[in-house]
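Using numbering that gives the first Met the number 0, the first residue of the sequence shown is number 0, and each one after it goes up by one.
Ideal Cβ positions, reconstructed from N, Cα and C, are used throughout, including at glycine.
Computed from a predicted structure; not experimentally measured.
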Amino acid sequence: MKKFDAIFHVALIMLTLAFTAMGQNAMTVTTQVGSKTIAQDENFILSFTLTGVENASVSVPTYKFPELLNFKKQGVSRAKASKSINGQMVNSYTFSQYYLPEKTGEFEINNEFIEVGNQTFKLEPFSIVVNPALEPDEFVEELLPSDLVLTSNDPFFVITTNQSKPFVGQGFTLKMSFFVPESNTQEFEFDRNDIQIPALISKMKPKFCWEENFGISTEQVIKVSLNKKKYTEYRFFQATYFALQNQRIQIPALKFHVMALTRKGLEAIKKPIYFTSAPLEIKFRNLPHHPLSEKVPVGNFQLIESVSSPNSKTGKPIIYTANLKGDGNGVLWNNKSPESDYFMNFVPISVQTTVAPFQEKMFGNKTDKIQIIPKQPGKFALSHYFNWIYFNVQTEKFDTLSSKIVLEVTGNSSDHLLKTDHSEIELYRGIENKKTLDVSWARWVNWSQLVNLILIFLTIVIAFLVWKKPK
C-alpha cells in the first residue's frame, strides 16, 4: 500500500509539471502608450500585445480602445513578430489604435481602459502635448474619375476604388465618402449614421477577398481639392482587399440620406435628402502561368537590407536584417530561412510582419533577422541564399528581390582540405569531391507533443496500479 501511495504521489507531481508546461502556452497581454508629444498632423497611438509560445493556440480576441476627448479615432494596425528565446519561438501580436488630435494643447488622459477579450487593462494617467503642424496643408488634392465629380455645386455620395482592373491577389482600396463643396451654403445634418452606414457597408463589401480594414469608426473629415475645386470629404469607410479568385465584383448603386436644415428664426426645419452612388464594377486579370501563381505576394515591393558587419571572421556571428516593404499582401512571403551549408550556418532570430494604413493604401512590411556564422574564409554573395519571389504589378511579370550584400570572411577554414579565400567564381568548384559528411542537426522540442506523451504514460500507469490494487 505504501508503495502504491509513493508511486501515486510521484505521478501527481509529474501531472502538475505537465499542466504547468501547458500553462506556459497561455497568451499574456501587455499595453503600450505611444509618443506623448506630437504635432497636430501626427497620430497618437495606443497598443496592446498578445505574447505566447509558438505552439499556443491563438484566436484574435474582441477588443475595444477608449474614446479620447479632443482626439478622433483613425485606423487600427496589426503586427506579428516571432523571436527565438532560449531555443523556443515566441510569437507576439500587436494591435495599435491611431488617434488624430482635433486641436493643439496639452490634454490630460485619466481613467481610461483597454478591453481585450474579457479582461480590462487600466492605463496610468498621462498627458499628451499636441504642437502645431510644421507645414499645414489645408486642402489635399484628390483624384476621382471625371464622371463621378458633379459640375454643379451640389454634394454627392460616391463609392470609389483605386484599381478597376487589378490582378488576382493585387490590393485594391474601396472608399465610401460624401463630398460637400466649400461654396455650398446649405446646412446638412447626418441622420442615424450608426444604423445606415453599417447597412451600406454590408451591401458594398466584396466576397472572396482578404480584407485589411482602415478601422474608421466615425466619419473622417478631410479637406480635399477636386479639379481645383475645394470640398469637404466625409469618409465613412475605407478598406483594402486582395481577391482570392478571379470573380468579378459588382457593387450596386447605394442610397445615402442626410437632413437638410432650413432655419426660420430659432426653429430649424429638417428635410431628408437622398444621394445615390454610381454602381461600381471591378474586373480582375489572371496572373501569367507560373508554378508560384497564387503562392507569392502581388504588388510593388522593395528590399532594404543590412548586416552588422560586412567583414567577419570564421566562427564569429553577424546579424543579417532584411526588410521587405510595399503595398501588397505580405502574408504570402516565404518565411523559410535558408538552409545551412558547408560555408555558412544560419540561425533565425526573429520574423516580424506589419500591416498598417499609409495615406490611401495598406502597406505590409516583413522584417527577418538571421544570425549568420561563416564557416569558411572567402567572399560570399548573399544572393546565393536570400531571394524573395513576387509578382511585380508594374512590369506585370514575376520578379525576384535578391540580396546585394557580399561578405568578406577571413580566418581559418573549418575544413583545412578546402581553401575558399580566393575569388567567388572558384568558390564552389570541386566541392563534390570534398569530405563533408558531418551534419549539424538542430532539433526543436515540441512541448505540446511532449505533454501529451507524459499524460498518456501517466494514465496507463495509474490505470495499471488501480487494477493491481488488492481488493
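{"Check": "Supposed close pair Phe-177, Thr-160 - CB separation, criterion 8 Å", "Outcome": "Their Cβ separation, rounded to whole angstroms, is 17 Å, which puts Phe-177 and Thr-160 out of contact at 8 Å."}
{"Check": "Own chain partners of Ser-336 with C-beta closer than 7 Å, once the 5 adjacent residues on each side are dropped", "Outcome": "Phe-345, Pro-347 and Ile-369"}
{"Check": "Beta-ladder partner(s) of Glu-114, from DSSP", "Outcome": "Lys-63 and Thr-119"}
{"Check": "Supposed close pair Thr-30, Phe-47 - CB separation, criterion 8 Å", "Outcome": "5 Å"}
{"Check": "Segment limits, beta strand (DSSP E) that includes Lys-202", "Outcome": "From DSSP, Lys-202 is part of no beta strand (DSSP E) but of the alpha helix (DSSP H) over 192-203."}
{"Check": "Reduced DSSP category for Ala-462 - H, G, I as helix; E, B as strand; rest coil", "Outcome": "helix"}
{"Check": "Glu-423 burial status per 10 Å Cβ neighbour count (16 or more: buried)", "Outcome": "For Glu-423, the predicted structure reports a pLDDT of 44, less than 50, and the residue's modelled location is therefore unreliable. The matter cannot be settled from this model."}
{"Check": "Strand pairing of Gly-170, partner residues [DSSP]", "Outcome": "Phe-241"}
{"Check": "Residue ranges of each beta strand (DSSP E) within the region 346-410, 3 or longer", "Outcome": "360-373, 377-380, 386-391, 396-401 and 405-409"}
{"Check": "Per-residue DSSP class, three states only, for Leu-457", "Outcome": "helix"}
{"Check": "Where Asn-451 sits in the DSSP three-state scheme", "Outcome": "helix"}
{"Check": "Backbone CA spacing between Gln-219 and Lys-71 [nearest angstrom]", "Outcome": "8 Å"}
{"Check": "Gly-330, DSSP secondary structure in three states", "Outcome": "Per the sequence shown, residue 330 should be read as Val rather than Gly. Helix at Val-330."}
{"Check": "Per-residue burial, Gly-264 [other beta carbons within 10 Å of its own, 16 or more giving buried]", "Outcome": "exposed"}
{"Check": "With 16 other Cβ atoms within 10 Å as the buried cut-off, status of Phe-166", "Outcome": "buried"}
{"Check": "Beta-carbon contacts of Glu-186 that lie in its chain and below 6 Å, excluding the five residues immediately before and after", "Outcome": "Leu-260"}
{"Check": "Those residues which DSSP pairs with Gly-51 across a bridge", "Outcome": "Asn-90"}
{"Check": "Extent of the continuous beta strand (DSSP E) run through Ala-38", "Outcome": "36-38"}
{"Check": "Inside the region 250-290 only - beta strand (DSSP E) runs reaching at least 3 residues", "Outcome": "254-263, 266-275 and 279-281"}
{"Check": "Inter-residue Cα distance where the pair is Ser-151 and Ile-221", "Outcome": "20 Å"}
{"Check": "In DSSP terms, what Ala-321 is bridged to", "Outcome": "Glu-304 and Asp-367"}
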